[in-house]
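The structure under discussion appears below in the form of structure tokens.
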């Protein structure tokens with residue numbers, strides 16, 4: 047434990063910051079958006095300590111590190127989003143106990159942004175049931191629906207509008 051009443055030295059500073067991380071949480075959210083593909087985008091939250099991910103749904107996904115240093119993806123499903131009631135989460139992804147969201151078991155900064163983004167994308171696909179081939183990103187009806195509601199239509203929905 048570091049005594050914060052003492053003048054900092056190089057050894058106490060290294061104890062306070064033992065990790066060298068080559069990416070930020072908003073960069074992880076962006077890498078995840080890239081893997082998820084069309085209709086997904088991300089950006090930093092205030093102070094840059096969290097990353098927000100939005101996609102072809104109304105639900106916002108918030109990437110952050112919790113008090114136990116676990117990588118967490120929080121979300122509050124919008125009632126209009128057709129998410130599975132009980133998602134089949136990938137191995138190493140667990141539901142949060144006290145909030146809506148998931149956490150990545152044994153995720154470490156040393157895993158690297160690409161490996162962590164792949165795990166995050168798999169978790170979000172499971173939570174949302176997202177299959178890009180099922181969504182209509184092309185028709186004017188679906189694009190207008192996204193402007194009006196924040197959600198793209200599924201291909202069979204676009205035909206009935």
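In my numbering, the protein residues as written are 47 to 207. The beta carbon of each residue, even a glycine, is placed where N, CA and C say it ideally should be.
Backbone CA spacing between residue i and residue j [nearest angstrom]
{"i": "residue 152", "j": "residue 116", "result": "8 Å"}
{"i": "residue 192", "j": "residue 198", "result": "5 Å"}
{"i": "residue 125", "j": "residue 131", "result": "11 Å"}
{"i": "residue 189", "j": "residue 179", "result": "15 Å"}
{"i": "residue 177", "j": "residue 104", "result": "16 Å"}
{"i": "residue 195", "j": "residue 202", "result": "17 Å"}
{"i": "residue 209", "j": "residue 185", "result": "Not covered by the structure: residue 209. The range shown for the chain is 47 to 207."}
{"i": "residue 97", "j": "residue 150", "result": "15 Å"}
{"i": "residue 48", "j": "residue 119", "result": "Note that residue 48 scores 47 on pLDDT, short of 50, meaning its location in the model is unreliable and no value can be drawn from it."}
{"i": "residue 139", "j": "residue 106", "result": "18 Å"}
{"i": "residue 81", "j": "residue 167", "result": "7 Å"}
{"i": "residue 156", "j": "residue 92", "result": "25 Å"}
{"i": "residue 183", "j": "residue 75", "result": "21 Å"}
{"i": "residue 83", "j": "residue 136", "result": "19 Å"}
{"i": "residue 79", "j": "residue 158", "result": "16 Å"}
{"i": "residue 147", "j": "residue 67", "result": "24 Å"}
{"i": "residue 99", "j": "residue 114", "result": "22 Å"}
{"i": "residue 154", "j": "residue 112", "result": "13 Å"}
Helix, strand or coil at residue i [DSSP, three-state]
{"i": "residue 181", "result": "strand"}
{"i": "residue 155", "result": "helix"}
{"i": "residue 48", "result": "Residue confidence for residue 48 is low, a pLDDT of 47 falling below 50, so the modelled location carries little weight and cannot support an answer."}
{"i": "residue 110", "result": "strand"}
{"i": "residue 139", "result": "strand"}
{"i": "residue 67", "result": "coil"}
{"i": "residue 194", "result": "helix"}
DSSP beta-bridge partners of residue i
{"i": "residue 90", "result": "97"}
{"i": "residue 200", "result": "181"}
{"i": "residue 121", "result": "107"}
{"i": "residue 173", "result": "Paired residue(s): none; residue 173 is not in a bridge."}
{"i": "residue 74", "result": "DSSP output for residue 74 lists no bridge partner at all."}
{"i": "residue 150", "result": "117 and 139"}
Of the residues the options, the one placed nearest residue i, counting alpha carbons only
{"i": "residue 163", "options": "173, 109 and 94", "result": "109"}
{"i": "residue 173", "options": "111, 186 and 134", "result": "134"}
{"i": "residue 77", "options": "160, 170 and 194", "result": "160"}
{"i": "residue 200", "options": "142, 127 and 150", "result": "127"}
{"i": "residue 122", "options": "112, 111, 141 and 114", "result": "141"}
{"i": "residue 69", "options": "86, 90 and 84", "result": "90"}
Expected contact under 8 Å - CB spacing of residue i and residue j to nearest Å
{"i": "residue 94", "j": "residue 72", "result": "6 Å"}
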